[in-house]
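Read through the structure below, which is laid out as structure tokens, and then see the notes.
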């Protein structure tokens with residue numbers, strides 16, 4: 001665990017860009033599917049990502065659609081809207097059906113709040129699924 005998130009500001013973002021660019025090039029040479037998040041390989045983009053300046057990300061989307069197509073079930077049966085909101089319990093499959101949880105008051109409220117925020121919460125920029133391209137394998 002990082003004891004001080006400001007330490008991320010001291011990262012060498014140019015070096016990160018260089019290293020990821022090298023990995024991408026090597027993958028292309030070998031015909032290996034390459035994906036990284038955030039998708040745009042640029043030092044400024046990595047700085048925005050690691051310092052939580054999500055509004056400055058190059059890869060911004062205008063909304064998250066996952067709460068309408070996805071939820072996560074933990075090994076104990078606990079259900080959350082996604083891995084970013086592991087602290088937002090929607091229910092438990094040992095106590096309710098998936099349908100009851102999916103259509104339940106807590107999930108409806110979560111979706112409504114997301115709509116009220118314009119389709120994204122500030123933390124959504126840190127989510128790998130946020131960058132996922134459904135056209136890629």
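Residue numbers (UniProt numbering): 1 to 137.
All residues carry an ideal CB built from backbone N, CA and C; glycine is no exception.
This structure is a prediction, so every number in the text was calculated from the model and none was measured.
Do residue i and residue j have their C-beta atoms closer together than 8 Å?
i	j	result
residue 124	residue 64	yes
residue 88	residue 73	no
residue 104	residue 62	no
residue 163	residue 71	Past the edges of the chain, shown from 1 to 137, lies residue 163, and the structure says nothing about it.
Please classify residue i as buried or exposed, where buried requires at least 16 other C-beta atoms within 10 Å of its C-beta.
i	result
residue 10	exposed
residue 98	exposed
residue 109	exposed
residue 46	buried
residue 32	exposed
residue 69	exposed
When the cut-off is 8 Å and only beta carbons count, does residue i lie next to chain B?
i	result
residue 87	The structure shown has no chain B; it contains just one protein chain.
List the whole-angstrom C-beta distance separating residue i from residue j, where the pair is believed to meet the contact cut-off of C-beta under 8 Å.
i	j	result
residue 40	residue 58	4 Å
residue 66	residue 129	6 Å
Can you find the residues in the same chain that come closer than 6 Å, C-beta to C-beta, to residue i, ignoring five residues on each side of it along the sequence?
i	result
residue 43	13, 14, 17
residue 27	34
residue 8	50, 51
Counting only the same chain and skipping the five closest in sequence on each side, list residues whose C-beta sits under 7 Å from that of residue i.
i	result
residue 122	54
residue 78	89, 92
Check the DSSP bridge columns for residue i and list the partner residues they point to.
i	result
residue 79	73, 91
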